[in-house]
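Residue numbers (the working numbering): 1 to 195. The C-beta atom is built at its ideal place from N, Cα and C for all residues, glycine as well.
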Ligand code: GAR
């Protein structure tokens, strides 16, 4: 069975969905949840689900991304994951780190890529007058929010939406999309999931 490590920075709701579906269906094994923020609420949620966690605070490393990543890499390698899933992990990874997991690292992004890479995706969709928004799961390459698209989930933008209401609607779609993509990906199926 494929071994899955997941990196988070916050609440970890996507991580919870991934872990819950893996445990319920047995399509893969969650072996580690890691965070750059020791206070990330998702760490306790992962432990409650019986998953080993690790936190490596990025702040003491300042601008030295390579040193932070070296510290984070140790427990990840020890867990021997086949696939690394970024799920609300808010640190940009260096090309060296990304290359180590080339072809086996996924990310979920809250926009319909290639639209709106980076931050504030929902606000940007509203400002552009978009009538639909959504989320994308893609393979991670050294270019931020780039890489082969493995699935997209769409939602309508409603007339009264704020960035917050739109984000909440997109997040529900994320919770469906990420497990749907990972289920296929562990079998080597990279055909895009469209929700
Ligand atoms: C999700 O909306 C995810 O797409 C986004 O952060 C949120 C994390 O929520 N990721 C990014 O913006 C990555 N650049 P969660 O912690 O509840 O899964």
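| Item | Value |
| --- | --- |
| Nonlocal neighbours in the same chain, by C-beta distance under 6 Å from residue 52, ignoring five residues either side | 32 |
| Backbone secondary structure at residue 13 - three-state DSSP | helix |
| Helix, strand or coil at residue 181 according to DSSP, with G and I counted as helix | helix |
| Distance cut-off 6 Å: residue 149 Cβ against heavy atoms of the ligand GAR | no |
| Residue span of the alpha helix (DSSP H) that contains residue 134, given as start and end | First-last for residue 134: 132–139, but that is the beta strand (DSSP E), not the alpha helix (DSSP H). |
| Beta strand (DSSP E) segment containing residue 30, residue limits | 29–35 |
| Contact between the stretch 86–101 and the stretch 140–147 (3+ Cβ pairs under 8 Å) | yes |
| Alpha-carbon to alpha-carbon, residue 27 and residue 135 | 23 Å |
| Nonlocal neighbours in the same chain, by C-beta distance under 6 Å from residue 65, ignoring five residues either side | 94 |
| Whole runs of the beta strand (DSSP E) within the stretch 39–95, excluding any shorter than 3 residues | 53–55, 83–86 |
| Whether residue 182 touches residue 152 by CB criterion (7 Å) | no |
| CA nearest to the CA of residue 102, picked from 160, 147, 159 | 147 |
| Minimum C-alpha distance to residue 193 - residue among 5, 137, 168, 55 | 137 |
| Whole-angstrom distance between residue 91 and residue 109, CA atom to CA atom | 13 Å |
| Burial state of residue 48 (16 or more Cβ within 10 Å) | exposed |
| Expected contact under 8 Å - CB spacing of residue 15 and residue 46 to nearest Å | 6 Å |
| Which of helix, strand or coil DSSP assigns to residue 105 | strand |
| Residue 4 Cβ short of 6 Å to the ligand GAR heavy atom set | no |
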